[in-house]
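Take the sequence shown: its position 124, counting from 1, is numbered 914 in this note's numbering, and each next residue is one higher.
Have a look at the structure below, then the notes.
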Amino acid sequence: MEESVNKVVQNEQPRVSTDDDEIVCLDASFFMNDNYQLTEFTFGSQHIQLFCLHSASTDFDLTGQLVWPGAMLLNDYLSKNLDMFQGCTVIELGSGVGITGILCRKFCNKVVLTDHNEEVLKIINKNIELHSCPEDVSPTSHGLVAEKLEWGNTDQVHEILQKHPGGFDFVLGADIYILIISQASLCCFIVLDSSCKLKKAENASSY
Numbered sequence: 791m792e793e794s795v796n797k798v799v800q801n802e803q804p805r806v807s808t809d810d811d812e813i814v815c816l817d818a819s820f821f822m823n824d825n826y827q828l829t830e831f832t833f834g835s836q837h838i839q840l841f842c843l844h845s846a847s848t849d850f851d852l853t854g855q856l857v858w859p860g861a862m863l864l865n866d867y868l869s870k871n872l873d874m875f876q877g878c879t880v881i882e883l884g885s886g887v888g889i890t891g892i893l894c895r896k897f898c899n900k901v902v903l904t905d906h907n908e909e910v911l912k913i914i915n916k917n918i919e920l921h922s923c924p925e926d927v928s929p930t931s932h933g934l935v936a937e938k939l940e941w942g943n944t945d946q947v948h949e950i951l952q953k954h955p956g957g958f959d960f961v962l963g964a965d966i967y968i969l970i971i972s973q974a975s976l977c978c979f980i981v982l983d984s985s986c987k988l989k990k991a992e993n994a995s996s997y
């Protein structure tokens, strides 16, 4: 039985020959689950449908494919404090499938969803498309947009701020993990937080 299983594996996977042994190379997709399911979530009177996984991937870097408990708690808070965010602009860090940003879009003018992983950005864009209107003619016309943002990459931070020169009223994030704490990683948040303070100062001076 064991011999037959080994033959199946060898037939299905690429092989690399060495002087001593034959090594089976597993394709990266072997470890990735992209069988997303359309799932409905309810927060107070707000209902959201989006694509997500119901269990985690084997890759620690793909934790954004499912909805974490912290995002559920944050969304519950947001649903009870809608007036605070009415008409505001928001950037979300580590958006994952985008559940918090998509909820914010119901009462915010503009929401920027960010993540560093390309596969996670694909599902974010899929969920943005799910919540876009048929008459929308551009990716940002419905107020939802995805941007790549890797912790410590200040170039990406400045690029986002150039695309959205008005800054943001709020920086949101739930269940955000930084494996290596560094000045560069913290700098990303500080720069974004500064854009919020600058915008608030401008608004205050206009009254």
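All C-beta atoms, glycine included, are put in the ideal place defined by N, C-alpha and C.
What residue range is occupied by the uninterrupted beta strand (DSSP E) comprising residue 768?
Past the boundaries of the shown model lies residue 768; the chain is included only from 791 to 997, so the question cannot be answered.
Leaving out five residues on either side along the sequence, give the residues of the same chain with a beta carbon under 8 Å from the beta carbon of residue 858.
Same-chain partners within the cutoff: 886, 964 and 965.
The alpha helix (DSSP H) spanning residue 840 covers which residue range?
Unbroken run through residue 840 is the beta strand (DSSP E), 836-842; no alpha helix (DSSP H).
Have a look at residue 835 and residue 875 and give me their C-alpha separation to the nearest angstrom.
Rounded to whole angstroms, residue 835 to residue 875 spans 16 Å at the Cα level.
Which one or two residues does DSSP pair with residue 785 in a beta bridge?
Residue 785 cannot be examined here, being either before or after the span of the chain that is shown, 791 to 997.
Within 8 Å, do at least three Cβ pairs link the region 911-924 to the region 940-950?
No, they do not touch.
By Cβ distance below 6 Å, which residues in the same chain neighbour residue 830 in space, the five residues on each side in sequence not counted?
Taken in chain order, the residues that qualify are 839.
To the nearest angstrom, how far is it from the Cα of residue 844 to the Cα of residue 917?
Their Cα atoms are separated by approximately 16 Å.
Between the Cα of residue 889 and the Cα atoms of 870, 842, 872 and 878, which residue gives the shortest distance?
Closest by alpha carbon: 842.
Quick check on the DSSP output: the alpha helix (DSSP H) that includes residue 908 runs from which residue to which?
Note, residue 908: alpha helix (DSSP H), 908-920.
I need the DSSP call for residue 857, collapsed to helix, strand or coil.
Coil at residue 857, not helix or strand.
I need the boundaries of the alpha helix (DSSP H) containing residue 875, first residue and last residue.
872-875 is the extent of the alpha helix (DSSP H) around residue 875.
Going by other Cβ atoms of all chains shown within 10 Å of its Cβ, with 16 needed for buried, is residue 962 buried or exposed?
So residue 962 ends up on the buried side.
Which residue wins for smallest C-alpha separation from residue 921, given the options 872, 892 and 861?
It is 892.
Counting only C-beta atoms, is residue 890 closer than 8 Å to chain C at any point?
This model lacks chain C altogether; it includes just one protein chain.
Among the candidates 940, 939 and 855, whose CA atom is the shortest distance from the CA of residue 909?
The shortest C-alpha separation from residue 909 is found at 855.
Looking only at its own chain, which residues have a Cβ that is under 6 Å from the Cβ of residue 895, when we skip the five neighbours before and after it?
Answer for residue 895: 901, 933 and 934, listed in chain order.
To which residues of the same chain is residue 828 closer than 7 Å at the C-beta, ignoring the five residues directly before and after it?
These residues qualify, in order along the chain: 839 and 841.
Tell me whether residue 919 is buried or exposed, calling it buried when 16 or more other Cβ atoms sit within 10 Å of its Cβ.
Its Cβ having fewer than 16 others within 10 Å, residue 919 is exposed.
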